[in-house]
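Protein sequence lines, in the order shown, are assigned to chains U and A.
Position in the first sequence (first residue = 1) + 56 = the working numbering.
Position in the second sequence (first residue = 1) + 1 = the working numbering.
Even for Gly, the Cβ is constructed at its ideal location relative to N, Cα and C.
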Amino acid sequence: MKKAINIFVTLISAVTLAVSCGIIPTAEEGIVAEWTLTEMTGYETEDLPSVYIDFRADKSFEIYQKVGDVPRYRKYDGIYEISGSTLKGEYSDGEDWGSTYKVSFQADGAVLVLTALETDKSGNVLSEGEVCRYAKASLDQKEKDAADVVTKSVEEVSARFL
Amino acid sequence: MIKRLSIVLSAVICAASCADELYEGVSSVPSEDSVMTKVINTPSDAEEGQLLLCLTETAADAVAAGDRSLYGNISGVLQVKSFAPVFNSSPDDEVARRHNLHRWYYVEFDGEDLRGAASKLAAFSDVAMVQFNKKLKPASDCSFNAYTPVLGQMSSDDLPFNDPMLGDQWHCINTGSALVSNSSVAGGDIAVKDAWRLTGGDPRVIVAIIDSPVKYDHPDLAANMWRNEGEIPANGIDDDRNGYTDDVYGWNCERNNGEINWSSHKASGHGTHVAGIVAAVNANGTGVCGVAGGTGKGDGVRMMSCQIFEGGISSNLKSSAIAFEYAAKNGASVAQCSFGLIGAEYESDAEYEMSYGAEHDAIEYFMDKDNNNSEILDGNIVIAAAGNEQVPYSSYPAGLQNVVSVTGLGPDYLPAVNYTNYGPGCNIAAPGGDFYIGNITSFKENRSRVLSTFIDTIVDDNLQTAGHEYVYMQGTSMACPCVSGVAALGLSYAYKLGKTFTREEFISLLLTSVNNLDSRLTDNKLKVSGYTNGLEQTVDLGLYRGKMGTGAVDAWKFLMAIEGTPSLTVKVLDESAKAERYDLTSYFGGSASSLTYLSVDCDQDTRTSLGLSEDPEIKYGKLSIKPTKVGSGKITITAIAGYDEDGLVDGETQTGGMEITRTVSIMSRGVASDNGGWL
Chain U
57 MKKAINIFVT
67 LISAVTLAVS
77 CGIIPTAEEG
87 IVAEWTLTEM
97 TGYETEDLPS
107 VYIDFRADKS
117 FEIYQKVGDV
127 PRYRKYDGIY
137 EISGSTLKGE
147 YSDGEDWGST
157 YKVSFQADGA
167 VLVLTALETD
177 KSGNVLSEGE
187 VCRYAKASLD
197 QKEKDAADVV
207 TKSVEEVSAR
217 FL
Chain A
2 MIKRLSIVLS
12 AVICAASCAD
22 ELYEGVSSVP
32 SEDSVMTKVI
42 NTPSDAEEGQ
52 LLLCLTETAA
62 DAVAAGDRSL
72 YGNISGVLQV
82 KSFAPVFNSS
92 PDDEVARRHN
102 LHRWYYVEFD
112 GEDLRGAASK
122 LAAFSDVAMV
132 QFNKKLKPAS
142 DCSFNAYTPV
152 LGQMSSDDLP
162 FNDPMLGDQW
172 HCINTGSALV
182 SNSSVAGGDI
192 AVKDAWRLTG
202 GDPRVIVAII
212 DSPVKYDHPD
222 LAANMWRNEG
232 EIPANGIDDD
242 RNGYTDDVYG
252 WNCERNNGEI
262 NWSSHKASGH
272 GTHVAGIVAA
282 VNANGTGVCG
292 VAGGTGKGDG
302 VRMMSCQIFE
312 GGISSNLKSS
322 AIAFEYAAKN
332 GASVAQCSFG
342 LIGAEYESDA
352 EYEMSYGAEH
362 DAIEYFMDKD
372 NNNSEILDGN
382 IVIAAAGNEQ
392 VPYSSYPAGL
402 QNVVSVTGLG
412 PDYLPAVNYT
422 NYGPGCNIAA
432 PGGDFYIGNI
442 TSFKENRSRV
452 LSTFIDTIVD
462 DNLQTAGHEY
472 VYMQGTSMAC
482 PCVSGVAALG
492 LSYAYKLGKT
502 FTREEFISLL
512 LTSVNNLDSR
522 LTDNKLKVSG
532 YTNGLEQTVD
542 LGLYRGKMGT
552 GAVDAWKFLM
562 AIEGTPSLTV
572 KVLDESAKAE
582 RYDLTSYFGG
592 SASSLTYLSV
602 DCDQDTRTSL
612 GLSEDPEIKY
622 GKLSIKPTKV
632 GSGKITITAI
642 AGYDEDGLVD
652 GETQTGGMEI
662 TRTVSIMSRG
672 VASDNGGWL
């Protein structure tokens with residue numbers, strides 16, 4: 057009985073400790089949310105483009121981005137894969153992401169940190185590069201509905217079949 | 002065979018050498034050389050009994066001031082019927098003088114052949130140039146077949162407007178229907194359906210239809226016709242004092258009066274068809290749609306009829322010159338020109354400019370920045386048909402370096418090999434129709450040409466009514482107004498966004514908002530010469546690769562470009578790394594990798610911000626750049642639209658491509674994907 061109580065208390069303590077320290081169980085679970093870019097290596101905050109990324113539980117993602125002088129967001133989508141803390145993905149047009157990333161969190165999971173990884177052909181990490189931080193936020197649905205959809209890898213928005 | 006001026010001028014020299022008698026106004030026997038250099042073109046395909054004279058500055062001012070001595074001298078050697086200025090502008094008009102409009106006079110005479118008359122007039126010291134008044138022709142054979150309804154072509158849910166014939170206008174929305182052609186290609190159109198979500202037009206944009214008359218009371222055109230509200234119709238008074246009397250819907254440049262006249266026998270309906278492509282009224286439950294015809298709220302662009310063809314009367318340089326002047330003075334910002342020279346072939350702008358002085362001066366006058374008629378641009382634009390002679394160069398005036406020359410495509414989104422010109426001087430392609438890939442067993446059921454408005458009162462040779470309100474026609478005549486309509490739509494959208502551009506920037510955006518054609522030109526296409534059982538042959542479509550212009554016009558891409566283009570994201574590299582290459586399709590259209598690039602310019606601020614130790618350049622059709630720092634900047638890339646040579650050779654303008662320039666915003670960071678996606 058005493059042993060059972062001790063085990064129970066230990067378990068409760070572990071859970072309490074886990075909860076009180078804000079530890080997210082896995083990167084795979086913690087990344088599922090909508091995020092907006094708040095910091096990027098080498099850029100001042102006011103110079104950052106507007107970027108929203110929605111990582112979904114079904115391993116799909118959507119990106120809404122405004123990079124440069126454009127009136128509407130451009131929407132990209134595709135699938136991602138996360139193994140441990142390594143994140144990679146592919147756009148629906150068949151293009152790979154520009155990099156593989158290391159996933160980490162700050163502020164009790166409220167901040168997502170994606171660190172670009174330089175890898176060799178075998179996928180071995182050679183170095184770490186650009187660091188981007190994201191906070192949880194959603195893009196207004198009206199902006200999403202008005203976004204231009206990028207469907208081909210090298211064509212302009214709402215690409216024609218040609 | 003390229004004509005050479007020297008061959009014909011030799012004939013003129015021969016004629017001139019016979020004119021060895023002195024007459025008044027000629028102080029000595031003119032040398033053969035002096036006469037030769039004054040006669041600037043040839044009499045082939047020129048109007049009989051007419052000549053255009055460019056006087057010296059002094060003589061022009063004297064004549065304008067009332068000096069009749071030159072008239073007297075000319076009357077002494079020719080039976081003069083009329084002698085009058087070609088242009089309407091006041092001799093004091095500074096902009097007109099800049100382009101020599103005040104110096105051009107028109108002589109009509111009897112009793113002398115053209116060569117003889119030219120040599121006599123060229124002998125006068127007051128005459129600087131003599132020009133034969135060459136004839137012009139529409140860039141279509143003007144053959145047509147009436148519209149017949151096609152049931153079930155498209156559901157009303159798929160159509161943005163309720164115009165009942167929109168489903169048959171494959172140049173607007175191509176569904177790949179076999180009813181048009183077995184080789185129709187879905188999406189092989191100008192992509193205006195998407196563009197109409199953003200704008201349908203703006204009545205502040207005025208397009209001059211320089212052509213046969215536009216039937217201004219056509220039920221599907223009337224609401225989008227420009228109307229000179231300052232003029233009271235048919236009262237014989239220049240009410241608004243613009244120098245033109247009773248010019249309500251435009252000007253009849255052939256007769257030099259305000260009567261837009263389509264009642265003549267052999268009226269072609271060509272101008273009315275062209276106008277409908279540009280801006281037939283949209284969403285009125287009637288007929289067809291126009292590219293910039295509005296959205297049903299009175300918001301279509303407006304069309305001005307500058308009539309240069311009339312029934313059996315052909316057009317000529319004088320009429321077209323008058324048209325450009327009228328359009329400039331009365332508010333047009335786009336000149337839509339589905340016409341060209343008959344038979345003449347020119348290798349260079351310089352040759353054309355020398356031979357077509359009056360028309361060329363008038364085109365330059367229309368494009369002069371001081372005549373700008375748009376709040377969006379700093380100068381008006383001219384869009385012309387490349388021509389239908391199936392030759393590997395553009396006709397003129399389309400071939401001029403600063404005029405947009407349009408080639409023709411069929412509903413198969415391939416060159417209309419049975420008519421379209423291609424090659425040097427051609428800048429962009431658009432749907433113009435292709436009869437031979439449609440139903441050729443039933444003329445009536447052929448739908449592979451372009452459907453638009455027409456004149457229902459046209460009569461045939463037996464004076465029977467042969468017209469219809471809506472017909473199919475083909476030619477670069479039909480391709481050209483597709484592009485004019487897209488340009489007008491772009492101006493309308495710029496008005497909506499409050500954006501402005503230089504004329505060159507706007508044309509660059511237009512010519513780079515295209516779909517790639519070259520990747521489709523890998524097979525053969527049947528070519529038939531003649532309409533009935535002509536000799537068939539297959540032509541290798543590779544012949545047209547890189548020669549139809551930058552690509553096929555895309556209205557949606559154009560409006561996107563007007564909105565603004567996203568920055569090109571490039572990856573920061575180590576000093577030791579090689580530069581990486583980036584696709585330029587977003588900036589230069591679908592044919593970006595095959596354009597001829599002239600330069601990549603980068604200022605010092607950009608070099609510093611991006612850490613560029615070497616200047617960016619174009620390699621294999623892509624931007625090669627090596628940023629070593631995170632930062633941003635701009636680079637300016639210049640390319641040739643339409644041909645692989647700059648239009649300049651030794652400083653002279655040849656028939657070549659048009660320079661297009663895009664400024665590319667660059668953002669460098671640690672990550673860059675091939676498609677511009679953030680991750």
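Exercise for the section: Would you check if there are 3 or more beta carbon pairs closer than 8 Å linking the stretch 447-461 of chain A to the stretch 267-280 of chain A? Expected result: Three or more pairs of CB atoms, one per stretch, sit closer than 8 Å, so the stretch 447-461 of chain A contacts the stretch 267-280 of chain A.
Exercise for the section: Report the partner residues of A/Leu54 according to the DSSP bridge assignment. Expected result: A/Leu54 is bridged to A/Tyr106 and A/Val131.
Handout entry: For A/Trp105, the nearest candidate out of A/Ile636, A/Val128, A/Ile191 and A/Leu490 (CA to CA)
Key = The option with the nearest alpha carbon to A/Trp105 is A/Val128.
Practice task
Tell whether a beta-carbon distance below 7 Å holds between A/Val665 and A/Tyr583.
Solution key: Going by C-beta atoms, A/Val665 is not nearer than 7 Å to A/Tyr583.
Handout entry: Secondary structure of U/Phe217, DSSP reduced to three states
Key = At U/Phe217, the pLDDT of 29 sits below 50, so the modelled position is not reliable; the number obtained from the coordinates is stated separately. For U/Phe217, the three-state secondary structure derived from DSSP is coil.
Exercise for the section: Taking only the alpha-carbon atoms, compute the straight-line gap between A/Pro161 and A/Trp197 and give it to the nearest angstrom. Expected result: A/Pro161 and A/Trp197 have their alpha carbons spaced roughly 8 Å apart.
Practice task
State the DSSP-derived secondary structure class of A/Trp679, mapped to helix, strand or coil.
Solution key: Taken through DSSP and simplified to helix, strand or coil, A/Trp679 comes out as coil.
Problem - Test: A/Asp541 CB closer than 7 Å to a CB of chain U - result: No, because no Cβ of chain U sits closer than 7 Å to the Cβ of A/Asp541.
Handout entry: Straight-line gap, A/Asp21 to A/Ala123 (C-alpha atoms, nearest Å)
Key = Unreliable placement is indicated for A/Asp21, whose pLDDT of 34 sits below 50; the coordinate value is still reported in the next sentence. Between A/Asp21 and A/Ala123, the C-alpha separation is close to 13 Å.
Practice task
Using a cut-off of 8 Å between C-beta atoms, extract the partners of U/Phe130 located in chain A.
Solution key: Rather than Phe, the amino acid found at residue 130 of chain U in this sequence is Arg. The answer, in chain order, is Pro567 and Gly677.
Exercise for the section: Output the distance between the C-alpha atoms of A/Asn163 and A/Val289, rounded to the nearest integer angstrom. Expected result: Here the alpha carbon of A/Asn163 sits roughly 9 Å from the alpha carbon of A/Val289.
Practice task
Have a look at A/Asp97 and A/Asn372 and give me their C-alpha separation to the nearest angstrom.
Solution key: Note that residue 97 of chain A is Ala in the sequence shown, not Asp. A/Asn372 has its alpha-carbon roughly 10 Å from the corresponding atom of A/Ala97.
Handout entry: chain D within 7 Å of A/Ala673, Cβ atoms only
Key = In the displayed structure, chain D is absent; the protein chains listed are U and A.
Problem - Closer than 8 Å at the beta carbon, the chain U residues around A/Glu564 - result: Taking a Cβ-Cβ cut-off of 8 Å, the neighbours of A/Glu564 in chain U comprise Val126, Pro127 and Arg128, given in sequence order.
Handout entry: Where A/Arg256 sits in the DSSP three-state scheme
Key = Residue state for A/Arg256 is assigned as coil, using DSSP reduced to three classes.
Exercise for the section: Below 6 Å CB to CB, which residues in the same chain sit around U/Glu186 once its five sequence neighbours on both sides are set aside? Expected result: Taken in chain order, the residues that qualify are Thr97 and Ala172.
Practice task
Compare the C-beta of A/Arg663 against all C-beta atoms of chain U and say whether one is closer than 7 Å.
Solution key: No, A/Arg663 does not count as interfacial toward chain U.
Problem - A/Phe559 - DSSP class collapsed to helix/strand/coil - result: In the structure shown, the three-state DSSP call for A/Phe559 is helix.
Practice task
Establish whether the CB of A/Leu680 and some CB of chain U are separated by less than 7 Å.
Solution key: It does; some Cβ of chain U falls within 7 Å.
Exercise for the section: With A/Cys290 as the anchor, note down where its alpha helix (DSSP H) starts and where it stops. Expected result: For A/Cys290, no alpha helix (DSSP H) run applies, since DSSP gives it neither H nor E.
Problem - Where U/Ile37 meets chain A, residues with beta-carbon distance less than 9 Å - result: Limits of chain U in this structure are 57 at one end and 218 at the other, which puts residue 37 of chain U out of reach.
Exercise for the section: Would you check if the stretch 236-248 of chain A and the stretch 285-304 of chain A touch, i.e. whether three or more CB-CB distances between them fall below 8 Å? Expected result: The way I'd put it, the stretch 285-304 of chain A doesn't touch the stretch 236-248 of chain A; fewer than three beta-carbon pairs between them come closer than 8 Å.
Practice task
My understanding is that A/Leu542 touches A/Thr523, with C-beta atoms under 8 Å, so please give their C-beta distance in whole angstroms.
Solution key: The Cβ separation is near 7 Å, so the contact holds.
Exercise for the section: Could you check what DSSP says for A/Glu22 in three-state terms: helix, strand or coil? Expected result: Low confidence applies here, because A/Glu22 scores a pLDDT of 38, under 50, leaving its location unreliable and the question unanswered by this model.
Problem - Contact list for the stretch 139-158 of chain U against chain A, Cβ threshold 7 Å - result: Correct list: Gly145, Tyr147, Asp149, Glu151, Trp153, Gly154 and Ser155.
Practice task
Note down the Cα distance separating A/Asp602 from A/Ser509, rounded to an integer number of angstroms.
Solution key: Taken atom to atom, the span from the alpha-carbon of A/Asp602 to that of A/Ser509 is near 16 Å.
Problem - Among U/Asp196, U/Glu100, U/Glu184 and U/Asp152, the one whose alpha carbon lies nearest that of A/Leu680 - result: When each option's Cα is compared against that of A/Leu680, the closest is U/Asp152.
Exercise for the section: Run the CB neighbour count on U/Asn180, radius 10 Å, all protein chains shown included, and call it buried at 16 or more, exposed below. Expected result: Exposed, by the Cβ-count rule.
Problem - Length of the line joining the Cα atoms of A/Gly189 and A/Gln605 - result: The alpha-carbon of A/Gly189 is positioned some 43 Å away from that of A/Gln605.
Practice task
Quick one: residues in its chain with C-beta nearer than 7 Å to the C-beta of A/Val64, no 5 flanking neighbours on either side, listed in chain order?
Solution key: Annotation for A/Val64: Leu56 and Leu71 place their beta carbon closer than 7 Å to its own, counting only its chain and skipping 5 residues before and after.
Problem - Contact list for A/Thr570 against chain U, beta-carbon separation under 7 Å - result: Correct list: Val123.
Problem - Classification of A/Val87 by the beta-carbon crowding that lies within 10 angstroms, buried from 16 upward - result: A/Val87 counts as buried, since no fewer than 16 other beta carbons sit within 10 angstroms of its beta carbon.
Exercise for the section: May I ask you to list, following chain order, the residues of the stretch 168-199 of chain U that have a beta carbon less than 7 Å from some beta carbon of chain A? Expected result: The stretch 168-199 of chain U vs chain A, Cβ under 7 Å: Ala172, Gly185 and Glu186.
Practice task
Please go through the same chain and pick out, in chain order, the residues whose beta-carbon is closer than 6 Å to the beta-carbon of A/Val650, but skip the five residues on each side of it.
Solution key: Its pLDDT being 49, under 50, A/Val650 is placed unreliably in this model, and the coordinates cannot settle the point.
Exercise for the section: Give a yes or no on whether 7 Å exceeds the smallest Cβ distance from A/Ser184 to chain U. Expected result: It does not; no Cβ of chain U falls within 7 Å.
Exercise for the section: Starting from A/Ser625, find everything on chain U with Cβ-Cβ shorter than 7 Å and list it in chain order. Expected result: Result: empty, since nearest Cβ-Cβ is about 16 Å, beyond 7 Å.
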